[in-house]
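In the numbering used here, the protein residues as written are 1129 to 1758.
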């Protein structure tokens, strides 16, 4: 007498004796087995399981269809018919191959054609060991993340779908509503092949394998090491890339004063009196679902979209003397349309002296000024989708500036280290603006909007006059000139020297970056020249957006500032991001309030005017922001 029931959590079980007796083999999930021992005398299927068995290998010969929740206790008494309906004997020890389905096949109840036998249902894809869908096969249901086929078998404990010596997939097929992307490396890296619904590739030796640069790398025979299966077309599909894609050459060209080439997968640029390096963003993970395996357990999945995302790792550094560099690393998460949805795992180390590690900026803050900005952009004839993506970037930048400033609180007297804060913000902005296809859609609701022929820009030549015109207190404003003793790259090694109430200050050549066609981020560092080798630093970060009409002044969307006292005699000062209708004055009021009680002696009297100097330069930067014909 055999067992009372088949094993739990199993879809199909066969025994070598009748009535569940003797030894058994178990199978789970949709799959095909092209060659089994045939030593069978009883079988059982689970609910929602359909099986067709054959008395020859490779799915040939006589067949029998076994529906859900079926128990055949003695195959010696189960008649075997051929395709014409003639009695060929019984099924005892006759089963040599089978196909298991988890949804009812369309042919059920009649003999299937060869094509129907391996036709995946809607939202499914079939991978097969040999050409023309022969050999072992396995069906996957979308959404599915197969990040390493080296640990995925054709059966629960059977042949792996990828081995150290190569893959074991030679044909594949997608059903309706199944968008498949296969990769020749684990974790969805390397060459990629996008497979649309209802596609049959009977011999992957005939399918060319291209890298992301479009270069021929061979064929796809036994090359698939990971794949992603979506149950609807992901938004990035039309871009021709397998994900929201960061084009490194485009990113490289967005940086000012670059001093290297992009061939070393690193961007180096010199700005002010410091050198910064940004590694090529690296794909860290990609998913078709909100949550993936425990391998990525440190990710905050709760803030990620349910229909999938892509994570890029960003690594940056500021070069200090003696090799003790400042370093920053973080992960940027994008949804399938290329919109930035989260920044996590921020880590900072400064000059080898200290390390800070924390998850940072995990979700958009939805502050009132940001929501107001979205509404304002919509009234200007900008679509809600484009406006929302643009404003989210502004929010990430302001949050990053705030959080990072608080992390380096009283930690550095190095101006290059301090300006690393806006460098990180500009990098976030540039990476986001580089995503292929994210903004390959009209920015304006009307195709005839004249602003489409205009672009945001910064008028550096007008800065001297703009600063001179900001009011009393500002005097002796010079022109842009190379700072004495600086060997940096032009023009960002230039400064304007000026005085405020008789105290010496300098403003460094501002840096700008663009947030698609809708916004521009501006930043600068201002030195209060206490002595030849001692400066306090003001860092300004501002964002403007396009105006209502072509040729109008750009609209100030936010501004914030931070002050660092070089001798650490006082705590660093930091404002919150200010938006609304009185932005510059709001930043000034916050700085003035926090400057109350600052240590000022006979050698540092200019500290009393740091808020005024910040205000004057914010106004000058705003006056130099222009919206001009392209």
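Cβ atoms here follow ideal geometry from the backbone N, Cα and C, with glycine treated the same way.
- Paired residues, beta bridge with residue 1335 - DSSP: As a first step, residue 1335 is located in the chain shown; it is residue number 207 there, counting from the start. Answer is none; residue 1335 lacks a bridge partner.
- Message: Tell me the DSSP secondary structure of residue 1567 in three-state form.
- Response: Counting from 1 along the chain shown, the entry for residue 1567 is found at position 439. Unreliable placement is indicated for residue 1567, whose pLDDT of 48 sits below 50; the coordinate value is still reported in the next sentence. Three-state DSSP puts residue 1567 in coil, outside helix and strand.
- Nearest-angstrom Cα distance between residue 1844 and residue 1466? Within the shown structure, residues of the chain are numbered from 1129 to 1758, placing residue 1844 beyond reach of any answer.
- Over what stretch of residues does the alpha helix (DSSP H) that includes residue 1744 continue unbroken? As a first step, residue 1744 is located in the chain shown; it is residue number 616 there, counting from the start. Run containing residue 1744: 1738-1752, per the alpha helix (DSSP H) assignment.
- Item | Option nearest residue 1596 by Cα separation, candidates 1709, 1752, 1548, 1731 | Position 468 of the chain shown, counted from the start, is the residue given in the question as residue 1596. Distances from the alpha-carbon of residue 1596 to those of 1709, 1752, 1548, 1731 put 1752 closest.
- Query: When we look at the beta-carbon of residue 1143 and count the other beta-carbons within 10 Å, is it buried (16 or more) or exposed?
  - Reply: For the purposes of this step, residue 1143 is identified with residue 15 of the chain shown, where counting begins at 1. Buried: at least 16 other Cβ atoms inside 10 Å.
- Query: Near residue 1356, what residues of its chain come up, given a Cβ to Cβ distance below 7 Å and the 5 sequence neighbours on each side ignored?
  - Reply: In the chain shown, counting from the first residue as 1, residue 1356 sits at position 228. Taken in chain order, the residues that qualify are 1273, 1309, 1316, 1414, 1416.
- Whole-angstrom distance between residue 1299 and residue 1213, CA atom to CA atom: Position 85 of the chain shown, counted from the first residue, corresponds to residue 1213. Position 171 of the chain shown, counted from the first residue, corresponds to residue 1299. Taking the straight line joining both Cα atoms gives about 32 Å.
- Would you check if the segment 1402-1409 and the segment 1425-1445 touch, i.e. whether three or more CB-CB distances between them fall below 8 Å? Yes, since at least three Cβ pairs between the segment 1425-1445 and the segment 1402-1409 fall closer than 8 Å, the two stretches touch.
- Task: Return the residue from the list 1630, 1629, 1633, 1608 that minimises the CA-CA distance to residue 1621.
- Result: As a position in the chain shown, residue 1621 is number 493, starting the count at 1. The option with the nearest alpha carbon to residue 1621 is 1608.
- Message: Please report the distance separating the alpha-carbon of residue 1179 from that of residue 1370.
- Response: Numbered from its first residue, the chain shown carries residue 1179 at position 51. Numbered from its first residue, the chain shown carries residue 1370 at position 242. Cα to Cα, residue 1179 sits roughly 34 Å from residue 1370.
- Three-pair Cβ contact test at 8 Å for the segment 1713-1722 versus the segment 1639-1658: Contact between the segment 1713-1722 and the segment 1639-1658 is absent, because fewer than three Cβ pairs lie under 8 Å.
- Query: residue 1278 to residue 1269, Cα distance in whole Å?
  - Reply: Your numbering for residue 1278 matches position 150 in the chain shown. Your numbering for residue 1269 matches position 141 in the chain shown. The straight-line gap from Cα to Cα measures roughly 19 Å.
- Query: What are the uninterrupted segments assigned as alpha helix (DSSP H) that are 4 or more residues long and contained completely in the segment 1542-1613, given in chain order?
  - Reply: Restricting attention to alpha helix (DSSP H) runs no shorter than 4 residues, the segment 1542-1613 encloses them at 1543-1562, 1591-1596, ordered along the chain.
- Item | Selection from 1246, 1468, 1152 that minimises the alpha carbon distance to residue 1186 | As a working note, residue 1186 is residue 58 in the chain shown. When only C-alpha atoms are compared, the closest one is 1246.
- Task: May I have a chain-ordered list of the beta strand (DSSP E) segments no shorter than 3 residues that lie completely inside the segment 1298-1342?
- Result: With a minimum length of 3 residues, the continuous beta strand (DSSP E) runs that stay inside the segment 1298-1342 are 1299-1302, 1307-1313, 1317-1323, 1336-1338.
- Message: Just list the residues that DSSP pairs residue 1669 with in beta bridges.
- Response: Indexing the chain shown from 1 puts residue 1669 at position 541. According to DSSP, residue 1669 bridges with 1651, 1688.
- Task: Take residue 1514 and list the residues in its own chain whose beta-carbon comes closer than 6 Å to its own, dropping the five residues that flank it on each side.
- Result: Translated into the one-based positions of the chain shown, residue 1514 becomes position 386. Contacts found: 1571.
- Beta-carbon contacts of residue 1305 that lie in its chain and below 8 Å, excluding the five residues immediately before and after: Locating residue 1305 in the chain shown gives position 177, where the first residue counts as 1. A distance below 8 Å between beta-carbons, with the five flanking residues on each side excluded, links residue 1305 to the following residues of its chain, in chain order: 1250, 1251, 1270, 1325, 1359, 1360.
- What does residue 1632 pair with, by DSSP beta-bridge criteria? Taking the chain shown and counting its residues from 1, one reaches residue 1632 at position 504. For residue 1632, which the question treats as bridged, DSSP gives the partners 1627.
- Task: Return the chain-ordered list of same chain residues with a C-beta closer than 8 Å to the C-beta of residue 1137, the five sequence neighbours on each side being excluded.
- Result: Reading the chain shown from its first residue, position 9 is the one you call residue 1137. Spatial neighbours of residue 1137 in its own chain (CB-CB distance under 8 Å, excluding positions within 5 residues in sequence) are listed in chain order as 1156.
- What residues are listed by DSSP as bridge partners for residue 1394? What you label residue 1394 is simply residue 266 of the chain shown in a count that begins at 1. DSSP, once it has assigned bridges, lists 1407 as partnering residue 1394.
- Report all residues from its chain with a CB closer than 8 Å to the CB of residue 1658; omit the five preceding and five following residues, and keep chain order. For the purposes of this step, residue 1658 is taken as residue 530 along the chain shown, with counting starting at 1. The answer, listed in chain order, is 1664, 1694, 1731, 1732, 1734.
- How would you call residue 1604, buried or exposed, if buried means at least 16 neighbouring beta carbons within 10 angstroms? One-based indexing of the chain shown puts residue 1604 at position 476. Residue 1604 is exposed by the Cβ-count criterion.
- Beta-carbon proximity list for residue 1602, same chain, < 8 Å, skipping 5 on both sides: Taking the chain shown and counting its residues from 1, one reaches residue 1602 at position 474. The beta carbon of residue 1602 is closer than 8 Å to those of 1595, 1596, 1626, 1627, 1628, 1744 in its chain, skipping five residues each way along the sequence.
- Query: Can you list, in chain order, the residues of its chain whose CB lies under 8 Å from that of residue 1493, leaving out five sequence neighbours each side?
  - Reply: Translated into the one-based positions of the chain shown, residue 1493 becomes position 365. Because residue 1493 carries a pLDDT of 49, less than 50, the predicted location of this residue cannot be relied on, and no value is offered for it.
- Query: What three-state label does DSSP hand residue 1493 in the structure shown?
  - Reply: Start at 1 with the first residue of the chain shown, and residue 1493 comes out as number 365. A caution first: residue 1493 carries a pLDDT of 49, below 50, which makes its placement in the model too unreliable to give a value.
- Task: Please name the residue or residues paired with residue 1236 in a DSSP beta bridge.
- Result: As a first step, residue 1236 must be located in the chain shown, where it is residue number 108. Looking at the DSSP assignment, residue 1236 forms no beta bridge with any residue, so it has no partner.
- Compare the C-alpha of residue 1677 against each of 1313, 1220, 1749, 1757 and name the closest. On the chain shown, residue 1677 is found 549 positions in, with the first residue counted as 1. Considering only 1313, 1220, 1749, 1757, the residue with the shortest C-alpha distance to residue 1677 is 1757.
- Item | Cβ neighbours of residue 1336 in the same chain (closer than 7 Å, five flanking residues each side left out) | For this step, residue 1336 is matched to residue 208 along the chain shown. Taken in chain order, the residues that qualify are 1344, 1347.
- Task: Can you tell me which of 1584, 1660, 1700, 1589 puts its alpha carbon nearest to the alpha carbon of residue 1679?
- Result: By 1-based counting over the chain shown, the position of residue 1679 is 551. With distances taken between Cα atoms, residue 1679 lies closest to 1584.
- Query: Between the C-alpha atoms of residue 1672 and residue 1518, what's the straight-line distance to the nearest angstrom?
  - Reply: Residue numbering aside, residue 1672 sits at position 544 when the chain shown is read from its first letter. Residue numbering aside, residue 1518 sits at position 390 when the chain shown is read from its first letter. When the Cα atoms are used, residue 1672 and residue 1518 turn out to be separated by approximately 11 Å.
- Is residue 1256 helix, strand or coil when you go by DSSP? What you label residue 1256 is simply residue 128 of the chain shown in a count that begins at 1. Residue 1256 carries a strand assignment under DSSP once its states are collapsed to helix, strand and coil.
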